Each structure stands twice: as C-alpha cells, then as structure tokens.
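Novice: Per full-length UniProt numbering, the very first residue in the sequence shown carries number 1; after that it's consecutive.
Even glycine gets a Cβ: it sits at the ideal position worked out from N, Cα and C.
Values in this document were obtained by computation on a predicted structure and should not be read as measured data.
Structure provided below as structure tokens; questions to follow.
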Amino acid sequence: MSERLSQPGVAVGLAWTAMGGEIMYVEATRMDGDGKLVLTGQLGNVMKESASLALNWVRSHSKQLNLADSVDLHNNTDIHIHFPAGAISKDGPSAGVTITTVLVSLFTGRCVRSDTAMTGEVTLRGLVLPVGGIKEKVLGAHRAGITRIILPKRNEKDLHEVPDNVKKDLAFVFASRLDQVLNAAFDGGFPMLTKEQPNMASKL
Numbered sequence: 001m002s003e004r005l006s007q008p009g010v011a012v013g014l015a016w017t018a019m020g021g022e023i024m025y026v027e028a029t030r031m032d033g034d035g036k037l038v039l040t041g042q043l044g045n046v047m048k049e050s051a052s053l054a055l056n057w058v059r060s061h062s063k064q065l066n067l068a069d070s071v072d073l074h075n076n077t078d079i080h081i082h083f084p085a086g087a088i089s090k091d092g093p094s095a096g097v098t099i100t101t102v103l104v105s106l107f108t109g110r111c112v113r114s115d116t117a118m119t120g121e122v123t124l125r126g127l128v129l130p131v132g133g134i135k136e137k138v139l140g141a142h143r144a145g146i147t148r149i150i151l152p153k154r155n156e157k158d159l160h161e162v163p164d165n166v167k168k169d170l171a172f173v174f175a176s177r178l179d180q181v182l183n184a185a186f187d188g189g190f191p192m193l194t195k196e197q198p199n200m201a202s203k204l
C-alpha cells in the first residue's frame, strides 16, 4: 500500500458494497490542456458531481493552498481522476473528501499519509457531511491494514457498531470541515487554511 501512495496524486478512500466494506484508491494526474476534467472508472452521476465540486473547492482555495503561482487550475490544465477496478460501477457522494485530498496532493506535490484512509461527503463551502456504511468501511480498512481513518464528525456516533477489538487497532480523526481533513491527511497540514486541528479519538 505504501508503494502506491509514494507519489503525489493518490489517496485511499473507503467504499461500501453488498459484499461489505473495502478500500478504494483514487488517482489523479494533470496535463496541458484547456481546463477539462476527465473522470474514469465507471462512475455514476453523483460521484461525477462530487469530483466537479472538489475541483471547484480546490480552485477557490488555491491561494490558501499556495497554488496561486505554481499552476493554472482554470484554463491551461486538464485533470484526469481515475478510480481503479474500472469494471465495477461506482456511485455516491462519500468519495468527496478523498477526491479533494487527491487533487490537493497532485497540485502541491505532497504525498498523502500512507497509513490513512477516509470517507465523507463535501459541500461547496467545504463542510464534511455524514455518510453511510461506517461499520462496513471501518472493518474493510482494518482488513486492508489501514491504521488511521478520517471520518465525518457526525459519523462519530456510528463507531459504537464497530467491535472493540477492531477499534483498538485504529486511530480516528473526526472532521466537520475540509481544512480539518487536509490537516490530518498530510504531514504538516496546511496552516494557511486554518490553525485549528481536527478532533482526534485515538485507540478507542
């Protein structure tokens, strides 16, 4: 897993299917172009909207992310976001925090922490909203060797469904805003976004 996350533009999300929870890699790259967003991996409309929303949030916060002088996010750059396992249909809003994190990683050149996975819906104002399947997602992350999970603050109550022997192996970060997600996903965080750190409950 750490090998796949050893370069910018990759992050680990969490998915929930009829078979249970699992981790989901999200990858992004950029190239010269005219501002197009390309999405691949057999995505549904809600997931496509999440990607557009995430990109617009990054664009609107480019100064705070120190991107203003390094890259043109609006006109001269095409962005390709890919969700591997392309034969499997994917939809839903819960990849919003992961897509945002991948884009920030891509444009800052900073790698996402390799021990961390995340899930959560985002709004255009940068709020992190609760999602479903928390128990299944946490169990899937645990099986995959993840040791740290970023969850929406409003999903904290759902951890009571997770067995104690699983929770003791994991550290949880609870975020209500995207700046808190990014401060948790990257070593050193982003002080320009906010000085407030996310609430953490470790080794529950």
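Thinking Leu106 and Ala28 are a contact (beta carbons under 8 Å), I'd like their distance in whole angstroms, please.
Specialist: Counting from one through the sequence shown, the residue named residue 106 turns up at place 106. Counting from one through the sequence shown, the residue named residue 28 turns up at place 28. Going by Cβ atoms, the distance from Leu106 to Ala28 rounds to 5 Å, so yes, they are a contact pair.
Novice: Considering only C-alpha positions, which residue in the set Pro163, Ile134, Val138 and Asp179 is nearest to Leu193?
Specialist: Walking along the sequence shown from the start, residue 193 turns up at place 193. Out of Pro163, Ile134, Val138 and Asp179, Asp179 has the C-alpha closest to the C-alpha of Leu193.
Novice: Which of the three DSSP states is assigned to Ile149 in this structure?
Specialist: As a first step, residue 149 must be located in the sequence shown, where it is residue number 149. Three-state DSSP puts Ile149 in a strand.
Novice: Tell me whether Pro191 is buried or exposed, calling it buried when 16 or more other Cβ atoms sit within 10 Å of its Cβ.
Specialist: Walking along the sequence shown from the start, residue 191 turns up at place 191. The residue is exposed, with fewer than 16 neighbouring Cβ atoms inside 10 Å.
Novice: Flag this pair as yes or no: are the beta carbons of Ile79 and Arg30 separated by less than 7 Å?
Specialist: As a working mapping, residue 79 is identified with position 79 in the sequence shown. As a working mapping, residue 30 is identified with position 30 in the sequence shown. For Ile79 and Arg30, yes; Cβs fall inside 7 Å.
Novice: Counting Cβ pairs closer than 8 Å, one from the stretch 36 to 49 and one from the stretch 159 to 167, do we hit at least three?
Specialist: Too few Cβ pairs lie closer than 8 Å, so no.
Novice: Taking the beta carbon of Gly96 as the centre, do at least 16 other beta carbons fall within 10 Å, making it buried, or is it exposed?
Specialist: Within the sequence shown, numbered from 1, the residue matching residue 96 stands at position 96. By the neighbour-count rule (16 or more Cβ atoms within 10 Å), Gly96 is buried.
Novice: Using the Cα positions of Val10 and Ser114, report the straight-line distance between them to the nearest angstrom.
Specialist: The sequence position of residue 10 within the sequence shown is 10, counting from 1. The sequence position of residue 114 within the sequence shown is 114, counting from 1. Roughly 10 Å between the two C-alpha positions.
Novice: Per DSSP, His82 forms a beta bridge with which residues?
Specialist: What you label residue 82 is simply residue 82 of the sequence shown in a count that begins at 1. Beta-bridge pairing links His82 to Glu27 and Thr40.
Novice: What first and last residue would you give for the beta strand (DSSP E) that runs through Gly33?
Specialist: Against the sequence shown, residue 33 aligns to sequence position 33. Note, Gly33: premise wrong, no beta strand (DSSP E); not H, not E.
Novice: Straight-line CA distance for Ala85 to Val26?
Specialist: Taking the first residue of the sequence shown as position 1, residue 85 is located at position 85. Taking the first residue of the sequence shown as position 1, residue 26 is located at position 26. Cα to Cα, Ala85 sits roughly 10 Å from Val26.
Novice: Give the DSSP-derived three-state secondary structure of Lys90 in the structure shown.
Specialist: Your numbering for residue 90 matches position 90 in the sequence shown. Here Lys90 sits in strand by DSSP.
Novice: Let's see if you can read the secondary structure: which residues bound the alpha helix (DSSP H) around Met47?
Specialist: In the sequence shown, residue 47 corresponds to position 47, counting from 1. Element bounds for Met47: Asn45 to Ser60.
Novice: For the alpha helix (DSSP H) containing Gly96, name the first residue and the last one.
Specialist: Residue mapping note: residue 96 aligns to position 96 of the sequence shown, counting from 1. Element bounds for Gly96: Gly96 to Thr108.
Novice: Mind checking His160: buried by the 16 CB within 10 Å criterion, or exposed?
Specialist: Sequence index remark: in the sequence shown, residue 160 carries index 160 (1-based). Exposed, by the Cβ-count rule.
Novice: Are Ser176 and Lys157 closer than 7 Å when you measure CB to CB?
Specialist: Residue 176 sits at position 176 when you count from the first residue of the sequence shown. Residue 157 sits at position 157 when you count from the first residue of the sequence shown. No, the Cβ-Cβ distance between Ser176 and Lys157 is not below 7 Å.
Novice: Have a look at the DSSP bridge pairing and note the partners of Phe190.
Specialist: The count along the sequence shown starts at 1 and reaches residue 190 at position 190. DSSP, once it has assigned bridges, lists no residue as partnering Phe190.
Novice: Near Gly20, which residues of its chain fall below 8 Å by C-beta distance, leaving aside the five closest residues on each side in sequence?
Specialist: Stepping through the sequence shown from its first residue, residue 20 is reached at position 20. Excluding sequence neighbours, Gly20 sits near Glu136, Leu139 and Gly140.
Novice: Which value, in whole angstroms, describes the spacing of the CA atoms of Pro130 and Met47?
Specialist: Start at 1 with the first residue of the sequence shown, and residue 130 comes out as number 130. Start at 1 with the first residue of the sequence shown, and residue 47 comes out as number 47. Those two C-alpha atoms are separated by around 15 Å.
Novice: Which whole-angstrom value is the C-beta distance of Ile99 and Ala51, which I expect to be below 8 Å?
Specialist: Counting from one through the sequence shown, the residue named residue 99 turns up at place 99. Counting from one through the sequence shown, the residue named residue 51 turns up at place 51. Going by Cβ atoms, the distance from Ile99 to Ala51 rounds to 5 Å, so yes, they are a contact pair.
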